[in-house]
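Enquirer:
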Amino acid sequence: DIAYLRSVLPSTTEDTFFDYLATLDASEVTVSAAPEGSVVFPRVPFLQVKGPLVVVQLLESTLLCLVSYASLVATNASRFRLLAGPDVKLMEMGLRRAQGPDGALSASRYSYIGGFDCTSNVLAGKLYGIPVRGTISHSFIMSFRSLDEAQPRVSLPPLAGGEAVDVPSLAESWLLRVCELLQTPAEKTNRGDGLPNFCAVALALQQLGYRAVGLRVDSGDLAQQSKEIRQALRACGARFQVPWFETISIVVSNEISERSLEEFSRKGSEIDVIGVGTHLVTCPLQPSLGCVYKLVEVNGSPCLKLTEDEEKMTIPGTKTIYRLYDADGHPFMDLMALEEEPSPSAGQELPVHILGRLDEPSKVVPTTVELLHRTYFRDGQVCEPLPSLPEVRNHAQTSLSALSPAHRRLRDPQPYPV
282 DIAYLRSVLP
292 STTEDTFFDY
302 LATLDASEVT
312 VSAAPEGSVV
322 FPRVPFLQVK
332 GPLVVVQLLE
342 STLLCLVSYA
352 SLVATNASRF
362 RLLAGPDVKL
372 MEMGLRRAQG
382 PDGALSASRY
392 SYIGGFDCTS
402 NVLAGKLYGI
412 PVRGTISHSF
422 IMSFRSLDEA
432 QPRVSLPPLA
442 GGEAVDVPSL
452 AESWLLRVCE
462 LLQTPAEKTN
472 RGDGLPNFCA
482 VALALQQLGY
492 RAVGLRVDSG
502 DLAQQSKEIR
512 QALRACGARF
522 QVPWFETISI
532 VVSNEISERS
542 LEEFSRKGSE
552 IDVIGVGTHL
562 VTCPLQPSLG
572 CVYKLVEVNG
582 SPCLKLTEDE
592 EKMTIPGTKT
602 IYRLYDADGH
612 PFMDLMALEE
622 EPSPSAGQEL
632 PVHILGRLDE
642 PSKVVPTTVE
652 LLHRTYFRDG
662 QVCEPLPSLP
672 EVRNHAQTSL
682 SALSPAHRRL
692 RDPQPYPV
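Reading the sequence shown from the start, the letters are residues 282 to 699 in this note's numbering.
1) Can you name the residues that DSSP bridges to Y285?
2) For E651, write down the residues that DSSP places opposite it in a beta bridge.
3) Would you call the region 349 to 369 and the region 641 to 651 in contact, with 3 or more CB pairs under 8 angstroms?
4) According to the neighbour-count rule (16 or more other Cβ atoms, all chains shown, within 10 Å of its Cβ), is H419 buried or exposed?
5) In whole angstroms, give me the CA-to-CA distance for R434 and S450.
6) Would you check if the distance between the CB atom of Y606 and the CB atom of V312 is smaller than 8 angstroms?
7) Suppose only complete runs of 3+ residues qualify. What are the beta strand (DSSP E) ranges in the region 328 to 360, listed by chain order?
8) In the DSSP assignment, find the alpha helix (DSSP H) that holds L484 and state where it starts and stops.
9) Could you tell me whether the Cβ atoms of L440 and G490 are closer together than 8 angstroms?
10) Taking 8 angstroms as the threshold (C-beta atoms), are R689 and L681 in contact?
11) Note the first and the last residue of the continuous alpha helix (DSSP H) segment covering M617.
12) Keeping to the same chain, check which residues put their C-beta closer than 7 angstroms to that of P642; ignore five residues upstream and five downstream.
13) List the residues that DSSP assigns as beta-bridge partners of R659.
14) Between V557 and I531, how many whole angstroms is the CB-CB distance? I'm expecting something under 8 angstroms.
15) Alpha helix (DSSP H) containing S292: first to last residue?
16) Classify T400 as buried or exposed, calling it buried when 16 or more other Cβ atoms lie within 10 Å of its own Cβ.
17) Measure the CB-CB distance between H654 and A314 and report whether it falls below 8 angstroms.
18) In this structure, what does DSSP give as the bridge partners for M372?
19) With a threshold of 16 other CB atoms inside 10 Å of the CB of S534, please say whether the residue is buried or exposed.
20) When the Cα atoms are used, what is the spatial distance from F521 to V369?
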């Protein structure tokens with residue numbers, strides 16, 4: 282690294298500078314942060330770094346790179362989860378649309394934290410332990426022009442034992458019965474109507490003791506089709522005395538966005554699993570998160586960035602962050618206090634100045650006070666056990682659930698005071 286810097290910096294750079302760089306390390310750096318998966322709000326620091334000025338300045342770009350996209354994707358995923366509700370499964374399918382392989386892995390990890398249930402990214406499943414799910418590719422299905430091309434023929438023995446059975450032949454025998462039940466002309470099944478074919482194959486497998494996992498729809502009116510499919514599955518289950526048939530999972534995909542989920546809710550649907558790709562991993566509603574890393578104190582002296590843009594003006598001094606809760610257990614305010622100020626207590630009346638307001642101080646009385654930051658890195662060492670991915674995911678969902686409905690809603694939320 283030092284040799285590379287020598288090659289790109291001016292030749293007049295003194296050797297002592299490179300000698301100095303070779304001595305730098307993080308042995309005097311302290312990092313405190315809100316636990317990963319915590320809900321954070323604008324203007325509230327979620328990461329604080331202390332240490333020698335040069336060292337903490339060199340950390341700026343790395344830290345911003347690590348937290349910005351991660352926070353953005355987790356936030357985007359949580360919005361999809363809130364819109365989908367708790368019962369629908371969400372599958373991350375963004376590998377083909379993500380910003381490169383690193384972006385794809387990050388998207389899988391942080392969408393899982395934000396509330397998605399599984400990923401189609403097998404490598405993410407291997408590295409992070411995220412449940413892996415997926416669907417059969419169109420090209421595989423399209424590669425067969427007829428059943429005659431399925432060679433060798435697929436034969437399965439019944440689970441209960443016995444000789445193997447030719448599955449395509451068994452499915453064809455079921456197809457006539459399914460078409461009669463659903464009033465679908467048999468010739469139509471060869472021209473794109475896949476539902477009778479699916480039901481026939483699923484019933485054939487059921488006869489041998491196997492259960493179909495689900496079916497996927499990725500074009501047309503997804504909500505309406507899901508209702509029609511569920512009706513057909515119920516009809517088959519009732520006619521052929523297969524009770525579990527009506528519970529087969531219906532999976533939808535195709536440029537799913539927040540608007541799509543709102544439409545599903547408005548129309549009503551029978552959808553069990555929603556696959557989201559482009560609109561999850563590229564975050565088109567806000568492609569980047571404006572995280573900043575600002576100097577607030579040097580050698581005990583507070584620093585203030587002056588700018589004509591009030592939103593970019595920093596708040597000087599090293600701060601301690603508290604989250605205040607009401608009697609219902611909802612956070613209602615984040616309080617920033619200077620590090621040397623006394624800690625607030627539950628039940629204590631607190632005079633506070635709300636950012637963005639020029640009026641007189643308000644007074645609040647929290648039922649519970651939570652210290653938001655924990656110290657994770659001190660004297661060059663990790664000093665706090667880092668949570669597992671499932672623990673981070675659970676914390677994220679708990680943090681979201683704790684918000685009051687007025688703050689949690691996605692349309693016109695009530696501003697959260699700081």
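Quick reminder that beta carbons are idealized off the backbone N, C-alpha and C, glycines included.
Expert: Taking the definition as stated:
1) In the DSSP assignment, Y285 forms no beta bridge with any residue.
2) In the DSSP assignment, E651 forms a beta bridge with R604.
3) Look at the beta carbons and you see the region 349 to 369 not touching the region 641 to 651: under three pairs across the two are nearer than 8 angstroms.
4) Under a 10 Å Cβ-count criterion, H419 is classified as exposed, with fewer than 16 other Cβ atoms of the shown protein chains found around its own Cβ.
5) A direct Cα-Cα distance of roughly 9 angstroms separates R434 from S450.
6) Taking 8 angstroms as the Cβ cut-off, Y606 and V312 do not qualify as a contacting pair.
7) Within the region 328 to 360, the complete beta strand (DSSP E) runs of at least 3 residues fall at 328 to 331.
8) From DSSP, the alpha helix (DSSP H) with L484 extends over G475 to Q488.
9) Contact flag set, yes.
10) Result yes, Cβ atoms of L681 and R689 sit closer than 8 angstroms.
11) Careful: M617 lies outside any alpha helix (DSSP H), inside the beta strand (DSSP E) at P612 to L619.
12) Close CB contacts of P642 within its chain, under the 7 angstroms cut and outside five residues either way in sequence, are with P632, V633 and H634 (chain order).
13) DSSP output for R659 lists Q662 as bridge partner(s).
14) Taking a contact as a CB-CB distance under 8 angstroms, the pair V557 and I531 does not count as one, their CB atoms being some 15 angstroms apart.
15) Boundaries cannot be given for S292, as no alpha helix (DSSP H) includes it and DSSP labels it neither H nor E.
16) Taking every protein chain shown into account, the CB of T400 has 16 or more other CB atoms within 10 angstroms, so this residue is buried.
17) Yes, they are a contact pair.
18) Answer is C399 and G556, bridged to M372.
19) By the neighbour-count rule (16 or more Cβ atoms within 10 Å), S534 is buried.
20) Put simply, the backbone Cα of F521 is about 27 angstroms away from that of V369.
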